[in-house]
Amino acid sequence: MPTTVFDQFTRRTANVTAQLTTLDIPLTAPAAPPADPADPWASSDTIPVDRSTLAWCTAVTMLADHYHTGIDRQVLAADALLRELGVRGLTQLHSDLHHGAPIDYRFTRCPYCSGIGEDPTRPDCQDVGCAPWHEFAGHDHLCPVCQGDDYQPQWFAEEHMAELEQLLADAIEVSEERASLRYRIRTLLRRRTVRT
1 MPTTVFDQFT RRTANVTAQL TTLDIPLTAP AAPPADPADP WASSDTIPVD
51 RSTLAWCTAV TMLADHYHTG IDRQVLAADA LLRELGVRGL TQLHSDLHHG
101 APIDYRFTRC PYCSGIGEDP TRPDCQDVGC APWHEFAGHD HLCPVCQGDD
151 YQPQWFAEEH MAELEQLLAD AIEVSEERAS LRYRIRTLLR RRTVRT
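Position 69 of the sequence shown, counted from 1, bears residue number 69 in the numbering used here, the numbering being contiguous throughout.
In structure tokens, the structure reads:
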């Protein structure tokens, strides 16, 4: 039976929800406690978090893999991330797990869409709120994490190597020009000291 790219998303969600069920963790996060008006840093987000969505399963898997723990230890962190930032919070999480460095999704596979560049939940134009004339244009709904970056490290590596070689050639040329100028200045200064 042939499998499609989208089958991996179903498997990811099924694996995480099976682990949650085994650990007796509910598939819906409890409501956030009411915000304390005296605390200026208290979160007022009361968005319910569905732990069976692809975004939540991706977040908890990323956290568990990074910290080498079970998913049961990262449940609350994944809840907080999606409650506060939503699916786009996965981009911030990915960057934070790499010590704040920006992630180039042309070379690094997107943890949410696995490098296909489209929204893996495959919403239709009506769900997303696209303009009516786009519905028949066949436009794609880009991945909210990688913004549709085309994951092709082999192709982009060749392009980057060509750019780097050009930059190196330019730097060598500038260095030779500066060395030549330094030689001329040194020669002129020696001539002046010899005459005096």
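Cβ atoms here follow ideal geometry from the backbone N, Cα and C, with glycine treated the same way.
Grouping DSSP H, G and I as helix and E and B as strand, with all else coil, what is residue i?
| i | result |
| --- | --- |
| D72 | helix |
| D150 | coil |
| L27 | coil |
| D170 | helix |
| D140 | coil |
| D197 | As displayed, the chain neither begins before 1 nor continues past 196, which places residue 197 out of reach and without an answer. |
| D39 | coil |
| D104 | coil |
| D119 | coil |
Using the Cα positions of residue i and residue j, report the straight-line distance between them to the nearest angstrom.
| i | j | result |
| --- | --- | --- |
| L142 | G89 | 15 Å |
| R190 | L167 | 34 Å |
| A18 | G70 | 13 Å |
| D39 | N15 | 38 Å |
| G100 | D149 | 19 Å |
| A29 | A59 | 14 Å |
| P26 | Q8 | 23 Å |
| F156 | C110 | 16 Å |
| D65 | A31 | 26 Å |
| L81 | A162 | 39 Å |
| V49 | F107 | 31 Å |
| V174 | L181 | 11 Å |
Can you tell me where the alpha helix (DSSP H) with residue i in it begins and where it stops?
| i | result |
| --- | --- |
| L63 | L54 to Y67 |
| T100 | One point to set straight first is that residue 100 is Gly, not Thr, in the sequence displayed. Careful: G100 lies outside any alpha helix (DSSP H) and carries neither H nor E. |
| D7 | D7 to T22 |
Taking residue i as the reference, give the member of the options with the closest Cα.
| i | options | result |
| --- | --- | --- |
| R12 | T121, E177, Y183 and V49 | T121 |
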